[in-house]
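A.B. asks: Counting from 319, one number per residue, gives the positions in the sequence shown under this note's numbering. Every residue, glycine too, gets a C-beta built ideally from N, C-alpha and C.
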Amino acid sequence: MIQIAIAGSSDNEPLPKAVKKTKEFIEELAKHKDKVVLLTGGRGGIMEIASREFAKFGGVVVGILPERQEGNEFNTIRIKTGMDFAERSAIMINSADVLVVLGGGIGTMVEALMAYDYSKPLVVVTDTGYPSDRLELLAQDGYFDHKKLVKVHFTKDAKEAARLALELAR
Numbered sequence: 319m320i321q322i323a324i325a326g327s328s329d330n331e332p333l334p335k336a337v338k339k340t341k342e343f344i345e346e347l348a349k350h351k352d353k354v355v356l357l358t359g360g361r362g363g364i365m366e367i368a369s370r371e372f373a374k375f376g377g378v379v380v381g382i383l384p385e386r387q388e389g390n391e392f393n394t395i396r397i398k399t400g401m402d403f404a405e406r407s408a409i410m411i412n413s414a415d416v417l418v419v420l421g422g423g424i425g426t427m428v429e430a431l432m433a434y435d436y437s438k439p440l441v442v443v444t445d446t447g448y449p450s451d452r453l454e455l456l457a458q459d460g461y462f463d464h465k466k467l468v469k470v471h472f473t474k475d476a477k478e479a480a481r482l483a484l485e486l487a488r
């Protein structure tokens, strides 16, 4: 099984552009639901939308939760880590074959940088309206720094992000 993790805002009312792109990403990813497990932070906002959509298509969603939170109702499997947010993110990213950023703030951006630091394949969906769109400014040559640990892929097209994630995860 391919384990694709997503990073996204936990806002109660996520930005409309990010919601639209999340649904497009999941619609494309769901075509491969028999060989993909979706890993999320398990909570609300973009994570809940992605979880709901993937579950609706019959996919398996693993919510890797901070502290002892219950998370959203669409998690097929809940892993209550008992850890803080950053520690939980490390578990999610280390368990993933690839991380896809679907739009968010500091937590989402920390997860993107963590994935890069762990040399995990990374796809960033841009034009979501969130600060994570600006990650592209950090990677003008395709890398976040001089170490060139892993190429960072940017796209405005959420369906392309799903195809890239599947390709990079192999």
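Do the CB positions of L333 and T444 come within less than 8 Å of each other?
C.D. replies: Their beta carbons are not under 8 Å apart, which means L333 does not touch T444 by this criterion.
A.B. asks: Expressed to the nearest angstrom, what Euclidean distance is found between the alpha-carbon atoms of F462 and K349?
C.D. replies: Approximately 31 Å, taken between the alpha carbons.
A.B. asks: On the DSSP bridge assignment, give the partners of A323 in chain order.
C.D. replies: Bridge partners of A323: L357, L417.
A.B. asks: Is it true that the CB of K351 sits closer than 8 Å to the CB of I320?
C.D. replies: Against a cut-off of 8 Å, the Cβ pair of K351 and I320 comes out as no contact.
A.B. asks: When burial is assigned at 16 or more other CB atoms within 10 Å of the CB, is K469 buried or exposed?
C.D. replies: Classification for K469: exposed.
A.B. asks: Assuming the contact rule is C-beta atoms closer than 8 Å, F343 and A480 should be a hit. Round their C-beta distance to whole Å, please.
C.D. replies: F343 to A480, Cβ: 5 Å. Contact.
A.B. asks: With which residues is T473 paired in a DSSP beta bridge?
C.D. replies: For T473, which the question treats as bridged, DSSP gives the partners V443.
A.B. asks: Measuring straight from C-alpha to C-alpha, what distance separates R406 and E454?
C.D. replies: So the two alpha carbons sit approximately 25 Å from each other.
A.B. asks: I'd like to check one pair, M365 with I397: are the Cβ atoms closer than 8 Å?
C.D. replies: Contact: no.
A.B. asks: Which residue's Cα is closest to the Cα of V419: H471, K465, N412, T399?
C.D. replies: Per the Cα distances, H471.
A.B. asks: With hydrogens ignored, establish whether the beta-carbon of V468 is closer than 7 Å to any heavy atom of the ligand NAP.
C.D. replies: Among the ligands in the structure shown, none appear at all, so the ligand NAP cannot be discussed.
A.B. asks: Under 8 Å between the Cβ atoms of P384 and T394?
C.D. replies: No, the pair does not count as a contact, with Cβ atoms beyond the cut-off.
A.B. asks: Considering just the uninterrupted stretch of the beta strand (DSSP E) at L333, what are its terminal residues?
C.D. replies: First-last for L333: undefined, no H or E at that position.
A.B. asks: Could you give the first and the last residue of the continuous beta strand (DSSP E) run that contains K398?
C.D. replies: Note, K398: beta strand (DSSP E), 395-398.
A.B. asks: Residues in its own chain within less than 7 Å of N412 by CB, not counting five upstream and five downstream?
C.D. replies: So the list reads Y436, once near-sequence residues are dropped.
A.B. asks: When DSSP labels each residue in this structure, what does G381 get in the three-state scheme?
C.D. replies: G381: strand per DSSP, three-state reduction.
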